[in-house]
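Here's the structure we're looking at; comments come further down.
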Amino acid sequence: MVGISLAERVWMAAVLYTRYEGYMPKRKDFLALIPKADRKHAKSIGVLLRLFMTFSGGIPKVLEHVEIEETKKGFTLHIDDDLIGSGDLVKRRVANANRSLPYKLTLS
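For the sequence shown, the working numbering assigns the number 2 to the initial residue and increments by one for each residue that follows.
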């Protein structure tokens, strides 16, 4: 790809892998191409994308019904009940995000 470095491609691949699989790639040689801080950032972005896709279904307009409030410990996501459904999958994805984020997400 023109205009994007190898490290940037690795970072983007790690984000997308995490978004679709729910965890970072296991290949250490692949991840060694980017600094540890970038790996953490890629994981955070990936799990957040996975979470938001869970209730938006890839429809950007749906995200207009989500409010994000900053709290002392992290962020609270205010999501319309009809977007969450039974909520089990969303709760699991929030728990997964909380294992890798430097702050905590809660649902309201």
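Backbone N, C-alpha and C define an ideal beta-carbon position, used for all residues, glycine too.
As assigned by DSSP and simplified to three states, the class of residue i
i     : result
Thr1  : For the chain, the structure presents residues 2 to 109; residue 1 sits outside this window and is missing.
Val67 : strand
Ile46 : helix
Lys73 : coil
Lys27 : coil
Leu84 : helix
CB contact flag (residue i, residue j, <8 Å)
i     : j      : result
Phe56 : Leu17  : no
Ile80 : Leu108 : yes
Val48 : Thr19  : yes
Ala43 : Ala15  : yes
Met25 : Arg40  : yes
Residues near residue i in its chain [Cβ-Cβ closer than 7 Å; skip 5 each side]
i     : result
Ala98 : Val48, Leu49, Leu52 and Leu106
Same chain, Cβ closer than 8 Å to residue i, five either side skipped, listed in chain order
i     : result
Val91 : Leu52, Thr55, Phe56, Ile80, Ile85 and Leu108
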